[in-house]
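S.K.: Counting from 3, one number per residue, gives the positions in the sequence shown under the working numbering.
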Amino acid sequence: MVLISVSAILADRTIRRLTYKLDSDITGFVGDNIVNYDLTRIDSSSPMSTLEIETEQWVHDCCFLITSQPVLRIRLKQDNNYPKITAYLRLRTPLSSLVMTGTGTLTTTNTIQSDSLMIEISGTCKAQMQVEIASKLDLIISGTGQVTMTGNVKGNGYIRLTGIGEFDGRACPMDTVTVDVASIGTAYVVGNEAVDVAVGGVGLVYYHGPLRNQRVNGYGSINTLTNIDGKLSRSSTITIYTPVNYFLILFYYLGLTHFLL
Numbered sequence: 003m004v005l006i007s008v009s010a011i012l013a014d015r016t017i018r019r020l021t022y023k024l025d026s027d028i029t030g031f032v033g034d035n036i037v038n039y040d041l042t043r044i045d046s047s048s049p050m051s052t053l054e055i056e057t058e059q060w061v062h063d064c065c066f067l068i069t070s071q072p073v074l075r076i077r078l079k080q081d082n083n084y085p086k087i088t089a090y091l092r093l094r095t096p097l098s099s100l101v102m103t104g105t106g107t108l109t110t111t112n113t114i115q116s117d118s119l120m121i122e123i124s125g126t127c128k129a130q131m132q133v134e135i136a137s138k139l140d141l142i143i144s145g146t147g148q149v150t151m152t153g154n155v156k157g158n159g160y161i162r163l164t165g166i167g168e169f170d171g172r173a174c175p176m177d178t179v180t181v182d183v184a185s186i187g188t189a190y191v192v193g194n195e196a197v198d199v200a201v202g203g204v205g206l207v208y209y210h211g212p213l214r215n216q217r218v219n220g221y222g223s224i225n226t227l228t229n230i231d232g233k234l235s236r237s238s239t240i241t242i243y244t245p246v247n248y249f250l251i252l253f254y255y256l257g258l259t260h261f262l263l
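1. Going by beta-carbon coordinates alone, are isoleucine 121 and glutamine 132 separated by less than 9 Å?
2. Mind checking glutamine 148: buried by the 16 CB within 10 Å criterion, or exposed?
3. Could you have a look at aspartate 63 and say whether DSSP puts it in helix, strand or coil?
4. DSSP state of glycine 257, grouped into three classes?
5. Any idea what DSSP makes of methionine 50, helix, strand or coil?
6. Do you know how far the Cα of glycine 153 is from the Cα of leucine 74?
7. How many angstroms separate the CA atom of glutamate 54 from the CA atom of isoleucine 166?
8. Comparing C-alpha positions only, which one of Met50, Leu163, Asp14 and Tyr190 sits nearest to serine 235?
9. Please work out which residues of its chain come closer than 8 Å, Cβ to Cβ, to asparagine 112, disregarding the five sequence neighbours upstream and downstream, and give them in chain order.
10. Just to check my reading of the structure: glycine 220 and glycine 193 have Cβ atoms closer than 8 Å, yes? What is that Cβ distance to the nearest angstrom?
11. Give the straight-line distance between the Cα atoms of alanine 173 and serine 51, rounded to the nearest whole angstrom.
12. Alpha carbon to alpha carbon, how far is valine 179 from aspartate 63?
13. Please report how far the alpha carbon of aspartate 140 lies from the alpha carbon of leucine 100, in whole angstroms.
14. Leaving aside the five residues before and after threonine 126 along the sequence, list all residues of the same chain whose C-beta is less than 8 Å from its C-beta, in chain order.
15. Where are the alpha helix (DSSP H) runs, 4 residues long or more, that stay fully inside the stretch 155-197, in chain order?
16. So is aspartate 182 buried or exposed if we call it buried at 16+ other beta carbons inside 10 Å?
17. Would tyrosine 209 and threonine 188 be called neighbours here (beta carbons separated by less than 9 Å)?
18. Taking the straight line between their C-alpha atoms, what separation do you get for glycine 135 and lysine 156?
19. In chain order, what residues of the same chain lie with their CB nearer than 8 Å to the CB of phenylalanine 66, ignoring the 5 residues before and after it?
20. With glutamine 216 as the anchor, note down where its beta strand (DSSP E) starts and where it stops.
21. Is the distance from the Cβ of leucine 97 to the Cβ of serine 116 below 9 Å?
22. In whole angstroms, give me the CA-to-CA distance for threonine 95 and aspartate 27.
23. Leaving aside the five residues before and after serine 2 along the sequence, list all residues of the same chain whose C-beta is less than 7 Å from its C-beta, in chain order.
24. Output needed for proline 175: all residues of its chain with C-beta closer than 7 Å, excluding positions within five of it in sequence on either side, in chain order.
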């Protein structure tokens with residue numbers, strides 16, 4: 003009988019978008035699996051934030067474990083070969099934290115407003131966000147995560163890359179920005195008042211704005227962005243071959259060591 007009921011559940015592959023009750027308004031969320039997130043800011047006069055999930059019916063029937071007081075977390079109860087899962091989150095209150103791990107994606111349909119926002123992206127997650135941040139942005143990208151951000155940060159932005167990911171903030175100017183690339187990642191940043199850059203490993207940083215501090219420890223490089231037809235692009239004078247020099251040095255060293263032996 004158990005096998006029959008499981009087969010019946012798995013047989014219902016109709017895609018449905020269903021509403022899930024939240025315990026409270028959402029101030030943050032943790033995405034740690036394959037779920038894709040679609041965020042929309044709604045009017046603060048709305049009764050409460052809402053959550054809808056779109057996927058095949060058998061997943062609705064058996065597999066979600068959802069908590070939301072006040073940080074939303076959607077977990078899958080067991081390992082399985084799941085179909086596409088998209089969570090549509092309508093936010094009445096500002097976000098303060100956002101954590102994405104695994105293989106999911108994150109998109110925003112309008113501007114997400116916040117006074118201070120902390121974002122952590124890891125795994126192979128990709129995020130495309132439109133933001134309006136009043137005072138502070140903290141963003142950490144590890145693994146092969148990628149973040150494209152538009153909007154503005156009227157305050158301080160701190161961007162840190164520790165893997166081989168990428169941050170593209172060319173369309174998101176910040177009052178001041180500190181960027182730290184400690185691996186082989188790439189970051190594009192704009193600081194209206196000041197830019198502080200630290201590069202380790204073979205990382206690349208492209209910046210626009212007054213460069214206040216810079217430090218390179220390794221074979222990475224710090225380069226300027228040029229305004230071409232209103233769009234910030236890589237300068238024609240940047241140094242982009244530094245990582246290649248690292249490998250040439252490595253091969254030379256290995257060859258010399260072999261000769262001496």
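Positions of the beta carbon are idealized from the N, C-alpha and C atoms, including for glycine.
M.R.: So, from the data block:
1. Cβ distance not < 9 Å, so isoleucine 121 and glutamine 132 don't count as in contact.
2. Buried is the call here.
3. The three-state secondary structure of aspartate 63, taken from DSSP, is helix.
4. The predicted model places glycine 257 with a pLDDT of 45, which falls under 50 and marks its position as unreliable; any figure quoted below should be read in that light. Looking at glycine 257 - three-state DSSP - the assignment turns out to be helix.
5. DSSP places methionine 50 in coil when its eight states are reduced to three.
6. Taking the Cα positions, leucine 74 is about 24 Å away from glycine 153.
7. Between the alpha carbons of glutamate 54 and isoleucine 166 lies a distance of about 33 Å.
8. For serine 235, the nearest C-alpha among the options comes from Tyr190.
9. For asparagine 112, where only same-chain residues beyond five positions count, the Cβ hits under 8 Å are Thr42, Arg43 and Gln132.
10. Their Cβ separation, rounded to whole angstroms, is 22 Å, which puts glycine 220 and glycine 193 out of contact at 8 Å.
11. Between the alpha carbons of alanine 173 and serine 51 lies a distance of about 28 Å.
12. Straight-line Cα distance between these residues: approximately 46 Å.
13. Aspartate 140 and leucine 100: Cα-Cα distance of roughly 10 Å.
14. Excluding positions up to five away in sequence, the list reads Gly104, Thr105, Gly145, Thr146 and Gly147.
15. Here no run is fully enclosed.
16. Classification of aspartate 182: buried, given that the 10 Å Cβ count is 16 or more.
17. Result no, Cβ atoms of tyrosine 209 and threonine 188 do not sit closer than 9 Å.
18. Residue identity differs from the one stated: residue 135 is isoleucine in this sequence, not glycine. Cα to Cα, isoleucine 135 sits roughly 6 Å from lysine 156.
19. Cβ within range, chain order: Tyr22, Ile55, Ile76, Arg77, Leu78 and Lys79.
20. Where glutamine 216 is concerned, the enclosing beta strand (DSSP E) stretches over 213-220.
21. Yes; because the gap between Cβ atoms is below 9 Å, this pair is in contact.
22. Going by the C-alpha atoms only, they are around 7 Å apart.
23. Absent from the structure is residue 2, since the part of the chain shown begins at 3 and ends at 263.
24. Within the same chain, Cβ atoms closer than 7 Å to the Cβ of proline 175 are found at Asn154, Val192 and Asn194, the five residues on either side in sequence being excluded.
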